[in-house]
Amino acid sequence: MSQVPERREFGEWPLKRLMTEVVGTGTKSAEDMNREQATEAMRRILADEPDHTTLGAFWLANRWKHNVAEELAAYADVMCEHVEYAEPDADPVDCGANYDGKGDTAILGAAAGIVAAAAGTPVVAHSGDRVPTQKQDAYKHVLDELGIRTELSPEESADQVDETGFGFYYQPAFNPAIHDLFDRRDQMGVRTFVNTVETIANPANADVHLGSFYHLSFAKKIVDTFERSENLGPRRVVMFQGMEGYDDIRPGYTKVGESTDGVFTDFEIETAEYGMDFETEDLEVDPDDVAGDSAEITESVIAGDRTDHFADAVELNAAFRIYAREDAESLSEGLEMARESLDSGAAEAVLEDLRAF
């Protein structure tokens, strides 16, 4: 059951004051909040203390101003106070995809995670259910279509990882305080900083985070957010330009950013070099049934019945998960491991285990 944080006494920075004195003073004069201010703001928000009009204005002001890593870290740390963590014995790759889903291209993360798990790289995915603002299909819906249980307690999710190699954590179960913001976020009509911090909740306390970005500067901001966080600190972060903001790598020229033990680097790849010699449009599915089509693609690729561009894309996305955890020294080696897990039937066995869980 969802538990809303209890109302309590706060400090000197109600959201209305933050609006009039700090973040809402205009595009040129607005200032960034310090950690104390951002922390108090998030605690008030999760306690449902602000007037909803003020909350909407605060969210919009932050969107226009652009949050810095210090603010995001403060928001995330307050969120973490309410997250129910369940750490599996395995140390998985944490995939915090864009929670509000996809509407045009196949969701390949479930297939990629299963293939990577079969190659020896445990993977965790987490998402909500029709999260604002897009409220499109996400991980949960593909897994549901595959006949895999998704509405698990965090402890069950951890067991799922250890028993199968792949685990799904359901936001309303592990992050109820954020889930309780659904209606207010839905009324906004635009994304807020909540859309960012919920993706880095890391409910399995994994040591590796895999994410995506539109611009490389965002990848660096996420790395900086982890470094400034008091509760989140994966040793390794790998991020790439994803289709529709999701953790499926887009075809063509793509940037990758990675940080290991605090050292950030970036590089570029041409996906055609790894077998993805096609365009984003080639990975489109029925917009009225993204989850259903994605599940069908997942099942056919894993069964070995499909060797087209969807199979290539699944293999490369699996290779990124294997590479992210450093189970392969290069993407090329990770790709070989992914293909072997398909050819050997190991990936199909993981899918069967997930359905039986």
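Take 1 as the starting number for the sequence shown in full-length UniProt numbering and just add one per residue.
Every residue, glycine too, gets a C-beta built ideally from N, C-alpha and C.
Where residue i sits in the DSSP three-state scheme
| i | result |
| --- | --- |
| HIS66 | coil |
| PHE166 | strand |
| LYS255 | strand |
| GLY120 | coil |
| SER332 | helix |
| residue 414 | Any property of residue 414 remains undetermined from this structure, which presents the chain solely from 1 to 357. |
| PHE264 | strand |
| GLY96 | coil |
| LYS135 | coil |
| THR298 | helix |
| ALA303 | coil |
| SER127 | strand |
| GLU156 | helix |
| THR105 | strand |
| GLY245 | helix |
| GLU81 | coil |
Element boundaries [beta strand (DSSP E), containing residue i]
| i | result |
| --- | --- |
| LEU210 | 208-213 |
| MET42 | Run containing MET42: none in the beta strand (DSSP E); it sits in the alpha helix (DSSP H), 35-46. |
| ILE200 | Per DSSP, ILE200 belongs to no beta strand (DSSP E) and is neither H nor E. |
Close-in-space but distant-in-sequence residues of the same chain around residue i (CB under 6 Å, 5 per side omitted)
| i | result |
| --- | --- |
| GLN160 | GLY167, PHE357 |
| GLU69 | Glu is not the amino acid found at residue 69; the sequence shown has Ala there. LYS221, ASP224, THR225, ARG228. |
| VAL131 | TYR99, ASP100 |
| VAL4 | Note on VAL4: pLDDT 49, under 50, position unreliable in the model; no value is reported. |
| GLY165 | ALA117, PRO122, VAL350 |
| ALA324 | VAL93, VAL208, LEU210, VAL238 |
| ALA158 | ALA86, PRO88 |
| ALA201 | VAL83, ASN175 |
| PHE10 | GLU40, ARG44 |
| GLN171 | GLY128, HIS179 |
Inter-residue CB distance, residue i and residue j (contact presumed, cutoff 8 Å)
| i | j | result |
| --- | --- | --- |
| ILE45 | LEU55 | 6 Å |
| ARG118 | SER341 | First, the residue type needs correcting, since residue 118 is Ala and not Arg in the sequence shown. Between SER341 and ALA118 the Cβ distance is about 4 Å, and since that is below 8 Å, they are a contact. |
| ALA112 | TYR169 | About 17 Å; that fails the 8 Å criterion. |
| GLU329 | THR105 | With a Cβ gap of about 29 Å, GLU329 and THR105 do not count as contacting. |
| LEU232 | ALA74 | Incorrect: roughly 12 Å between the Cβ atoms, too far for contact. |
| LEU18 | ALA41 | 6 Å |
| LYS140 | THR150 | 5 Å |
| VAL142 | ALA291 | 5 Å |
| GLY257 | ASP248 | About 16 Å separates the two Cβ atoms, so there is no contact after all. |
| ALA173 | SER153 | 6 Å |
Boundaries (first-last residue) of the alpha helix (DSSP H) holding residue i
| i | result |
| --- | --- |
| TYR323 | 309-324 |
| THR225 | 216-228 |
| PRO88 | Taken as a continuous stretch (DSSP letters only), PRO88 belongs to no alpha helix (DSSP H), as it is neither H nor E. |
| HIS179 | 176-179 |
| ARG184 | 182-188 |
| LYS16 | 15-18 |
| ARG355 | 346-356 |
Classification of residue i by the beta-carbon crowding that lies within 10 angstroms, buried from 16 upward
| i | result |
| --- | --- |
| ASN195 | buried |
| GLN187 | exposed |
| ASP89 | exposed |
| GLU270 | exposed |
| SER344 | exposed |
| SER2 | Note that SER2 scores 49 on pLDDT, short of 50, meaning its location in the model is unreliable; the coordinates nonetheless yield the value given after this. So SER2 ends up on the exposed side. |
| GLU281 | exposed |
| PRO251 | buried |
| SER29 | exposed |
| TYR246 | buried |
| ALA38 | buried |
Residues of its chain near residue i, where Cβ-Cβ distance is below 7 Å and the 5 sequence neighbours each way are ignored
| i | result |
| --- | --- |
| ILE148 | LEU354, ARG355 |
| GLY120 | ASP327 |
| PHE213 | ALA219, MET239, GLN241 |
| ASN67 | PHE193 |
| SER217 | none |
| ARG35 | GLU70, ALA74 |
| MET337 | ALA119, ILE322, ALA328 |
8 Å Cβ cutoff, residue i in contact with chain C
| i | result |
| --- | --- |
| PRO50 | No chain C is part of this structure, which consists of one protein chain only. |
Neighbourhood of residue i by C-beta, 8 Å cutoff - its chain only, sequence neighbours within 5 removed
| i | result |
| --- | --- |
| GLY275 | ASP312, GLU315, LEU316, LEU335 |
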